[in-house]
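**Student:**
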Amino acid sequence: MRIDTHQHFWKFDPIRDSWITEEMQVIRRDFTPLDIQFVLERNGF
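Numbering of the sequence shown is given in numbering that gives the first Met the number 0, commencing with residue 0 and proceeding in unit increments.
1. Distance, Cα to Cα, Pro32 vs Leu39?
2. Between which two residues does the alpha helix (DSSP H) holding Phe37 run?
3. Give me the Cα-Cα distance between Trp18 and Arg41, rounded to the nearest whole angstrom.
4. Let me make sure I understand the geometry here. Which of Met23, Asp3 and Phe8 has the alpha-carbon closest to that of Ile35?
This is the structure in structure tokens:
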């Protein structure tokens with residue numbers, strides 16, 4: 000089974016991304032394709 004999904008990549012900017020509050024600390028960082036490379040390769044992508 001394959002599920003159609005999409006990814007969001009960004010370079011975190013504390014000014015631009017001020018909507019990301021302390022409660023969302025887990026996403027207060029950069030997200031790049033390298034963050035999912037292992038998972039994609041492990042699943043045949």
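Beta carbons: idealized from backbone N, C-alpha and C, even for Gly.
**Tutor:** Working from what's here:
1. The straight-line gap from Cα to Cα measures roughly 10 Å.
2. Here the alpha helix (DSSP H) through Phe37 covers Gln36 to Arg41.
3. Answer to the nearest angstrom: the Cα atoms are 33 Å apart.
4. Of the candidates Met23, Asp3 and Phe8, the one whose C-alpha sits nearest the C-alpha of Ile35 is Phe8.
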